[in-house]
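A.B. asks:
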Amino acid sequence: MNETQAYIGAIVKTRFAYHDLETDKIAFKSRPFLIIGAEYDTLPCDFTAFPISKVSTSQNIDPIHDIKVEKDRYPKLSLNADVSYIRVHKIQTIHSSQLAIGILSSLSQAYPDLYAEVKAAYRDFSGGLF
Numbered sequence: 137m138n139e140t141q142a143y144i145g146a147i148v149k150t151r152f153a154y155h156d157l158e159t160d161k162i163a164f165k166s167r168p169f170l171i172i173g174a175e176y177d178t179l180p181c182d183f184t185a186f187p188i189s190k191v192s193t194s195q196n197i198d199p200i201h202d203i204k205v206e207k208d209r210y211p212k213l214s215l216n217a218d219v220s221y222i223r224v225h226k227i228q229t230i231h232s233s234q235l236a237i238g239i240l241s242s243l244s245q246a247y248p249d250l251y252a253e254v255k256a257a258y259r260d261f262s263g264g265l266f
């Protein structure tokens, strides 16, 4: 197995930039992501990932492309929120230097059925592009 292969299917915490409305400046927070691809076999490199969010406004939940993850049902994922969503329609690129800590958990190993659901939702989403 190459160096980056262990990250594929894993949930990691990253240093994530966002615009703080109160200060009107860029701030950073730690946010979980599901890694689905790596640019190279070795670090450093870019990872392709889905953000994992607790979507606070229900109208912003995409019923097909936001995969619901309940903390009680999937405790091995080490997520903080009681309900989170893997947002397969919000794919992002993250540099390995932005990883806050190592791997939190392996979705692909701990819950292969949920991982398969994520993959199917992404196939559906990407099939509608272009």
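Each residue of the sequence shown is one higher than the one before, starting from 137 at the first, in the numbering used here.
Where a beta carbon is used, it is the ideal one built from N, C-alpha and C, also for glycine.
Treat the numbers as computed from the prediction; the structure is a model and nothing was measured.
Which of helix, strand or coil does DSSP assign to residue 235?
C.D. replies: Position 99 of the sequence shown, counting from 1, holds the residue named residue 235. In the structure shown, residue 235 sits in a strand (DSSP, three-state: E or B).
A.B. asks: Give the DSSP-derived three-state secondary structure of residue 164 in the structure shown.
C.D. replies: Residue numbering aside, residue 164 sits at position 28 when the sequence shown is read from its first letter. The answer is strand: DSSP assigns residue 164 an E or B state.
A.B. asks: Helix, strand or coil for residue 255? Go by DSSP, reduced to three states.
C.D. replies: Stepping through the sequence shown from its first residue, residue 255 is reached at position 119. If DSSP states are grouped into helix, strand and coil, residue 255 belongs with the helices.
A.B. asks: Beta-carbon separation of residue 203 and residue 221 under 8 Å?
C.D. replies: Start at 1 with the first residue of the sequence shown, and residue 203 comes out as number 67. Start at 1 with the first residue of the sequence shown, and residue 221 comes out as number 85. Result yes, Cβ atoms of residue 203 and residue 221 sit closer than 8 Å.
A.B. asks: Return the residue from the list 182, 207, 178, 265 that minimises the CA-CA distance to residue 140.
C.D. replies: Within the sequence shown, the letter at position 4 stands for residue 140. Measuring from the Cα of residue 140, the nearest candidate turns out to be 178.
A.B. asks: Decide if the segment 165 to 176 is in contact with the segment 143 to 153; the criterion is three or more beta carbon pairs, one per stretch, under 8 Å apart.
C.D. replies: Output reads yes: the segment 143 to 153 touches the segment 165 to 176.
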